[in-house]
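Step one of this worksheet: look at the structure below.
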Amino acid sequence: MSEKKSLRIGALEAGGTKMVMAVATPEGEVLEREEIPTGEPGPTCEAIVAWFAGRDIDALGVGAFGPTGVDPESDTYGWILETPKTAWRHFDFLGTLRRGLDVPCGYDTDVNAACLGEATFGCAKGLGTVVYITIGTGIGAGVMVGGKLLHGMLHPEAGHISLRKRPYDTGASVCGFHDSCFEGLASGPSIEARWGAKGVDLADKAEVWELESEYIAEALVDYVMVYSPEKIVLGGGVMKQEQLFPLVRNKFTELLGGYIQTEQVKAQDSYIVPAGCGGDQGILGCTALGVEALEAAGE
């Protein structure tokens, strides 16, 4: 037991804007952290490797922006794929880190890592089927089903499900691929484009959050119908507007129309909830990925 507590797990929350690096214990105590901007792949990875190399880590867990390869049997496992960040397209991210650090590495999407963090250490601890949605600069969803993070042919891109654009919504989708997807209609940049200001500056504008909550509630109904989660966790910058939660819950109930009558759905205050890791769900999920990689290596 004492040996396990002495382990040092590297955690890398690799976002399109910034890289958050941390060292934690397997029990989820974050010992130190630092963040750097996400620049060109080469210099960014050099800085990441240098930071972790000086901290005697036993394993590394990575939650990466995507789309990214998450199938260990694929030739593109750990690669960044068709990302809007063109310099990172088809870059062997995980391979570069492995070669630089020579420790067992776990790898998944950033939102799957956040979902794992909540299911391991946070508000969904002990549950096997959980959906975590981050609503901020983009919208992404991490999905755990039966205790395992969902992959399939790639990984969920649930931030791009189609929604019904409201007739009175005069804003345009900010997604470069879809005219009426969740991210295009409800992300932080969508709010700013529609209303001419950032969400944080619109906190007292009821009409902003009425529309936003409609889109979020519709998306949650779709996730419930498809994934049947035991808990839905909402994170990201937009969800710091706490007035959204009761609005979303009420509209979610209306849209369900009484079709789902489980005890979880009836207890909405404990079903649709804010993130429970104090903002560290991504780092803690990466820590859990690192622990899994260490165990799989038999160390």
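In terms of our numbering, the sequence shown opens at residue 4 and continues consecutively.
Quick reminder that beta carbons are idealized off the backbone N, C-alpha and C, glycines included.
Query: Cys126 and Val236 closer than 8 Å at C-beta; Result: yes
Query: Pick from Gly162, Gly191, Ala196, Tyr171 that is closest to Phe180, judged by C-alpha positions; Result: Gly162
Query: Residues near Arg58 by beta carbon distance below 8 Å, same chain, minus five either side; Result: Arg11, Gly13, Val26, Glu35
Query: Element boundaries [beta strand (DSSP E), containing Leu63]; Result: 62-67
Query: Closest by C-alpha distance to Ala200, when choosing among Gly174, Glu221, Leu223; Result: Gly174
Query: Length of the line joining the Cα atoms of Glu221 and Val268; Result: 15 Å
Query: Inter-residue Cα distance where the pair is Asp204 and Ser77; Result: 45 Å
Query: Cut-off 6 Å between Cβ atoms - residues of its own chain near Leu287, not counting five sequence neighbours on either side; Result: Gly31, Gly120, Phe124, Cys280
Query: Burial state of Gly301, where buried means 16 or more other Cβ atoms lie within 10 Å; Result: exposed
Query: Collapsed DSSP secondary structure at Arg36 in the structure displayed; Result: strand
Query: Residues bridged to Trp82 [DSSP beta-bridge criterion]; Result: Asp95
Query: Pair within 8 Å by beta-carbon distance, Gly145 and Cys184; Result: no
Query: Minimum Cβ-Cβ distance from Gly174 to chain D less than 8 Å; Result: In the displayed structure, chain D is absent; only one protein chain is listed.
Query: Reference Ala3; option with closest CA among Val33, Ala17, Leu214, Gly103; Result: Residue 3 lies beyond the stretch modelled for the chain, which goes from 4 to 302, so this question has no answer here.
Query: Cα-Cα separation between Pro232 and Asp95, rounded to whole angstroms; Result: 33 Å
Query: Residue range of the beta strand (DSSP E) that includes Ala3; Result: Residue numbering for the chain in the displayed model covers 4 to 302; residue 3 lies beyond these limits and cannot be assessed.
Query: Beta-carbon proximity list for Ala50, same chain, < 6 Å, skipping 5 on both sides; Result: Ile39
Query: Environment of Ala189 [buried if 16+ CB atoms lie within 10 Å]; Result: buried
Query: Span separating the alpha-carbon of Leu247 from that of Arg169; Result: 18 Å
Query: Bridge partner(s) assigned by DSSP for Cys184; Result: Ser165
Query: Alpha-carbon spacing of Gly202 relative to Ser216, whole angstroms; Result: 13 Å
Query: CA nearest to the CA of Ala62, picked from Leu100, Gly69, Gly45; Result: Leu100
Query: Length-filtered (4 minimum) alpha helix (DSSP H) runs lying within the region 199-236; Result: 209-230
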